[in-house]
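Report on the following structure.
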Amino acid sequence: MIEQNLLLILVALPFLGAIAAATLPVNAHNAAAWLSGLTLCAGLGIMAGLWPMVSEGEVLRAGIRWVPAAGLDLDFRIDGLAWLFVTLVLTMGVLVVIYARYYLSKTDPVPRFYSFLMAFAGAMLGLLTSGNMLILVVFWEMTSVFSFLLIGYWHGNPNARDGARTSLILTAGGGVCLLASVLMIGQIVGSYDLDEVLSSGEIIRHSALYLPAMALFLLGAFTKSAQFPFHFWLPGAMAAPTPVSAFLHSATMVKAGVFLLIRFSPALGGTQIWFYAVTGTGLATMVIGAAIALFRHDLKGLLAYSTISHLGLITALAGLGSPAAILAAIFHIVNHAVFKGSLFMAAGIIDHETGTRDMRRLSGLIRVMPITGTLAIVAASAMAGVPLLNGFISKEMFFAEATEWHNGTWLDDSMPWIATLAGALAVAYSARFVVSVFFGPLARDLPRPAHEPTPWMRRPVEVLVLICLVVGVVPDQTLGPVLNLALKAVTGPQTPHFDIAVWHGFNLPLKMSLVALACGAALFALSGRRIAMGPEGPPLIHRIRAQRIYEWLMLRLSWKWPRRLLALVGTEKLQPQLLILVLLALATGIATLWGTGWSLPPAVTNPVDPAFALMWLAGGAAAVAAAWQAKYHRFAALILLGAAGTATCVTFAWFSAPDLAVTQLLVEIVTTVLLLLGLRWLPQRRSEIVGDRLMPARLRRARDLVIAGLSGAGIAAVAYAVMTRPLVPNIGDWFLRNAYYGAGGTNAVNVILVDFRAFDTFGEITVLAIVGLTVYALLRRFRPTPESVAAPNAQSHGDGVPLAEVMLVPATILRWMFPVLIVIAADLFFRGHDLPGGGFSAGVTMAVAFLLQYLGSNVKWVEARLTVLPIRWMGFGLLIAGATGMGAALFGYPFLTAYARYVDLPAIGKTPAATALLFDAGVFALVMGAVVLMLIAIAHQTLRAARLREAEAAAKAARLSSSAPETL
Numbered sequence: 003m004i005e006q007n008l009l010l011i012l013v014a015l016p017f018l019g020a021i022a023a024a025t026l027p028v029n030a031h032n033a034a035a036w037l038s039g040l041t042l043c044a045g046l047g048i049m050a051g052l053w054p055m056v057s058e059g060e061v062l063r064a065g066i067r068w069v070p071a072a073g074l075d076l077d078f079r080i081d082g083l084a085w086l087f088v089t090l091v092l093t094m095g096v097l098v099v100i101y102a103r104y105y106l107s108k109t110d111p112v113p114r115f116y117s118f119l120m121a122f123a124g125a126m127l128g129l130l131t132s133g134n135m136l137i138l139v140v141f142w143e144m145t146s147v148f149s150f151l152l153i154g155y156w157h158g159n160p161n162a163r164d165g166a167r168t169s170l171i172l173t174a175g176g177g178v179c180l181l182a183s184v185l186m187i188g189q190i191v192g193s194y195d196l197d198e199v200l201s202s203g204e205i206i207r208h209s210a211l212y213l214p215a216m217a218l219f220l221l222g223a224f225t226k227s228a229q230f231p232f233h234f235w236l237p238g239a240m241a242a243p244t245p246v247s248a249f250l251h252s253a254t255m256v257k258a259g260v261f262l263l264i265r266f267s268p269a270l271g272g273t274q275i276w277f278y279a280v281t282g283t284g285l286a287t288m289v290i291g292a293a294i295a296l297f298r299h300d301l302k303g304l305l306a307y308s309t310i311s312h313l314g315l316i317t318a319l320a321g322l323g324s325p326a327a328i329l330a331a332i333f334h335i336v337n338h339a340v341f342k343g344s345l346f347m348a349a350g351i352i353d354h355e356t357g358t359r360d361m362r363r364l365s366g367l368i369r370v371m372p373i374t375g376t377l378a379i380v381a382a383s384a385m386a387g388v389p390l391l392n393g394f395i396s397k398e399m400f401f402a403e404a405t406e407w408h409n410g411t412w413l414d415d416s417m418p419w420i421a422t423l424a425g426a427l428a429v430a431y432s433a434r435f436v437v438s439v440f441f442g443p444l445a446r447d448l449p450r451p452a453h454e455p456t457p458w459m460r461r462p463v464e465v466l467v468l469i470c471l472v473v474g475v476v477p478d479q480t481l482g483p484v485l486n487l488a489l490k491a492v493t494g495p496q497t498p499h500f501d502i503a504v505w506h507g508f509n510l511p512l513k514m515s516l517v518a519l520a521c522g523a524a525l526f527a528l529s530g531r532r533i534a535m536g537p538e539g540p541p542l543i544h545r546i547r548a549q550r551i552y553e554w555l556m557l558r559l560s561w562k563w564p565r566r567l568l569a570l571v572g573t574e575k576l577q578p579q580l581l582i583l584v585l586l587a588l589a590t591g592i593a594t595l596w597g598t599g600w601s602l603p604p605a606v607t608n609p610v611d612p613a614f615a616l617m618w619l620a621g622g623a624a625a626v627a628a629a630w631q632a633k634y635h636r637f638a639a640l641i642l643l644g645a646a647g648t649a650t651c652v653t654f655a656w657f658s659a660p661d662l663a664v665t666q667l668l669v670e671i672v673t674t675v676l677l678l679l680g681l682r683w684l685p686q687r688r689s690e691i692v693g694d695r696l697m698p699a700r701l702r703r704a705r706d707l708v709i710a711g712l713s714g715a716g717i718a719a720v721a722y723a724v725m726t727r728p729l730v731p732n733i734g735d736w737f738l739r740n741a742y743y744g745a746g747g748t749n750a751v752n753v754i755l756v757d758f759r760a761f762d763t764f765g766e767i768t769v770l771a772i773v774g775l776t777v778y779a780l781l782r783r784f785r786p787t788p789e790s791v792a793a794p795n796a797q798s799h800g801d802g803v804p805l806a807e808v809m810l811v812p813a814t815i816l817r818w819m820f821p822v823l824i825v826i827a828a829d830l831f832f833r834g835h836d837l838p839g840g841g842f843s844a845g846v847t848m849a850v851a852f853l854l855q856y857l858g859s860n861v862k863w864v865e866a867r868l869t870v871l872p873i874r875w876m877g878f879g880l881l882i883a884g885a886t887g888m889g890a891a892l893f894g895y896p897f898l899t900a901y902a903r904y905v906d907l908p909a910i911g912k913t914p915a916a917t918a919l920l921f922d923a924g925v926f927a928l929v930m931g932a933v934v935l936m937l938i939a940i941a942h943q944t945l946r947a948a949r950l951r952e953a954e955a956a957a958k959a960a961r962l963s964s965s966a967p968e969t970l
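As numbered in my numbering, residues 3 to 970 make up the sequence shown, in order.
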């Protein structure tokens, strides 16, 4: 049980740290760094506590039931592979936090940076430990979102915005492909549980859905790990701060794709198509990335393309799928994170202290930055595969796998040559990095005089370089047990133990390493000067840029072609859009009923009450009249529409549906008043529309009348057919039987909303929050027409007396209604579980209370006396509703499971109580906040109009004073 709680805390901890960091002041640099660092260190402490069980080969599991019926549970698991990756992410995170503390400027909003960083770390931990494939996809997409925020952290930089947008489009698009693949795999296996999927490899490979599922899966993995042809987003992401590059683009985000390839290789691998697709793509990416890296002049650009190349190497190993290949892939993931993280940090130090990353301007820095230079040279040597460094061992393991026989195909036979070529290119670009920056004459035209950074900015680099040296000398003693444990988590406990040694004799892989070192050094020696003077890119093909192709394609897909399509079939007018929607609905209904024979059971009818019929005639007449008056008399149409709504409300009450009647009445009041306030700002329509009485307009209205009549008659016929037929057993009967005994409430409608279908309600209030914020944002940008700016005639009395004085008595009554409506709202809220009412009705009632204050007084008077803060109400409402659901999960029940019982209260006695009341409180707060937010957005148009009138009056007075003749 302790292990399960620790695993859940491990995943939740970074997100809590992100929330805490976001609340810090902008200038709280040290506090944000300490908070983030201690959060990640706590995660490392948890991993140390879990190691004894993981080292025994045990798979630790923890879960929270969420939506069991849909197979959507918050399941987490840690095995050897997940333990290694999580530890890598947390360790790199701690070092990056220390580095960022001294890298970021004092003017940067540092708490926001650490908040994004912690949230991204939490998404990575969730991805690595997910035991449910659907939850894995959720965390996968969260990494894309938070990486977008981190890459675009310096949002004032256009390159940062472009890089963030490109990375989000590609990686999130890949996430959609991964989701489709996961759904297919779940359909094949019959479960989304990761353990069950990984053990069903034979079933998956023999399924008809294997090829599309594998293709979509690889698209998701390749986009995330920047494999060709999706590699170009990674260099664009180098506009991010260097701590982001060191964390996301060396150790975490780009490794998510290859982690997925390794994790799912037992289920999806082992076929010829897997070998060609994965290994072929990896080898192509490895060579292309290495070739481009050699010709890049920007330090981070070179490191970005070298990262692409190394990711290709890991992908190629994952495609081979043998135990030795998987071990080499895992080992190189760790090694690459170590030496590439240190190189990114070194590049950031150089940029921070010299003001440039252009290698053509940098030279001789070893003289003024000897410690940083030495560290960078060792890390670059590890990247090149120099012996006695960690990169040499994993690269030699790759060479060993490249020389092994796998399937005898042309790709298999060419692997040793491709591997040696990529190794030589890696040596060449590593040599260029070292020689161009640190050797030669000392650069004199730098933006800032070069010098060593503050020692603590260099400490993370020193730690990583030390790891390169230690692992390179004693690999088996340092990482051997962990790597073998991670391997067995992928290939099974029967996998033999592998010894990782520096020396295996003078064999073929060693010869390949020596050839790569010699050829790479010779290549740089012969072409280094020419490369520095040439363009950024290999000869002949440097003009072909994947980024430009992507931008060309995006311009057409997102702008030109949609515009052309819109010009052909679209319209900006609302009426044609509604016409198409109504016609589609009408055609769908006819197509559904066509050919069914229209056979129905005999109708069961009751005598029609004359009063009810009269009410419906009045309501129908009001609806028809509202449509008739809508074009030229909007106010009358709105009043008539309210009358039709009132008829609907009375109908609900007539047929014993008081909950619906109360809700309908309250919503009718709010929408009518809000629409009335909105009509104030629409341009007045005093004259007849040109051409409104001509034959084309008459024909159009006749067509619309026929379509509306058919649609209305169809809906009425379907409703009549349903309501006049005998009831059949349905889900409603179950709700009625279980409302009290299962949820402790006698009001079945409210019980359904806050208990049985609370997840639906949670989604609906989330949508309501989005709608409220959207309306508020749109109205803030709304500017009324000039004719609407002037005060309406109704706001002044004929004798010049202000309307506020004439309406003093009604305004006073409206103010007195405020406490009365608060009491009514409280009554509706607390009685909702057993009697008509609930959080929604109470929230709307409370909003009506505020609405009356704005109607009875002016905006300034109300807001000087009442502090509403509706956005906070909405936020707290969502938090309360969500926390209620998570509270059930803490006790091992599905998300939003309610609990009801009787409690003894002093002086009251036994009182029914349910946790659904807390959820309803969240609904109340959000509904009230959303409605009041829209009200405030409309009301503030009055202030804006008043300011415009004052400005116009002042300008007019200035013009008059300037044109008046001067007097002596």
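Where is the CB? At the ideal position from N, CA and C, for every residue including glycine.
- For alanine 915, the uninterrupted beta strand (DSSP E) run begins and ends at 911-916, by DSSP.
- Within a 10 Å sphere around the beta-carbon of valine 929 sit 16 or more other beta-carbons, which makes this residue buried.
- Among the bridge pairs identified by DSSP, aspartate 360 is matched with Asp300.
- Along the region 689-759, the alpha helix (DSSP H) occurs as fully enclosed runs of 4 or more residues at 697-725, 733-745, 750-753, listed in sequence order.
- Taking 8 Å as the cut-off, the Cβ atoms of alanine 916 and alanine 939 do not count as close.
- Under the DSSP assignment, valine 370 falls outside any beta strand (DSSP E); it carries neither an H nor an E label.
- In the displayed model, valine 675 falls within a helix according to three-state DSSP.
- Under DSSP, the beta-bridge partners assigned to glycine 65 are Asp77.
- Contact between the region 164-177 and the region 231-241 is present, with at least three C-beta pairs closer than 8 Å.
- Its chain contains Leu52, Met55, Leu62 as the residues whose beta carbon lies nearer than 7 Å to that of glutamate 5, once the 5 sequence neighbours on both sides are disregarded; these appear in chain order.
- A check of alpha carbon separations from aspartate 501 across Thr480, Leu512, Lys513 identifies Thr480 as the nearest.
- Rounded to the nearest angstrom, the Cβ distance from glycine 176 to lysine 226 is 6 Å, consistent with a contact under 8 Å.
- By the C-beta criterion, the region 443-453 is judged not to be in contact with the region 537-546, since fewer than 3 inter-stretch pairs fall below 8 Å.
- Selection Arg207, Gln579, Leu304 evaluated against phenylalanine 266 yields Arg207 as nearest (Cα-Cα).
- In this structure the region 33-50 touches the region 111-129; the number of beta carbon pairs closer than 8 Å is three or more.
- Taking 8 Å as the upper bound for CB-CB distance, valine 925 and phenylalanine 842 are in contact here, some 6 Å apart.
- Annotation for alanine 44: Leu15 place their beta carbon closer than 7 Å to its own, counting only its chain and skipping 5 residues before and after.
- For the 8 Å CB-CB criterion, alanine 320 and leucine 90 do not form a contact.
- Shown here, aspartate 478 sits in a helix according to DSSP, grouped into three states.
- For aspartate 414, the secondary structure class from DSSP, reduced to helix, strand or coil, is helix.
- Here alanine 404 has Met417, Pro418, Ala421 as same chain residues with Cβ atoms under 6 Å from its own Cβ, once five neighbours each way along the sequence are excluded.
- The Cβ atoms of leucine 42 and leucine 92 lie closer than 8 Å to each other.
- According to DSSP, residue pairing for leucine 907 in a beta bridge involves Gly911.
- Ranked by Cα distance from valine 436, the first of Pro812, Gly530, Phe230 is Gly530.
- For alanine 902, the three-state secondary structure derived from DSSP is strand.
- A residue is called buried when at least 16 other Cβ atoms come within 10 angstroms of its Cβ; glutamine 855 meets this threshold and is buried.
- Per the Cβ contact rule, the region 545-561 is not in contact with the region 457-475 (fewer than 3 Cβ pairs under 8 Å).
- In this structure the region 278-296 does not lie against the region 353-365, because fewer than three pairs of beta carbons, one per stretch, are closer than 8 Å.
- With 16 or more other Cβ atoms inside 10 Å of its own Cβ, lysine 397 counts as buried.
- Between isoleucine 379 and leucine 364, the CB-CB gap reaches or exceeds 8 Å.
- Segment contact: the region 176-190 against the region 136-156, three or more CB-CB distances shorter than 8 Å; contact assigned.
- The three-state reading of DSSP puts serine 201 in coil, since its state is none of H, G, I, E or B.
- The C-beta separation of isoleucine 328 from valine 504 comes to about 21 Å, leaving the pair out of contact by the 8 Å criterion.
- A direct Cα-Cα distance of roughly 18 Å separates asparagine 29 from tyrosine 101.
- A check of alpha carbon separations from valine 467 across Ala527, Ser432, Thr374, Phe277 identifies Thr374 as the nearest.
- Bounds of the alpha helix (DSSP H) holding glutamine 189 are 160-191.
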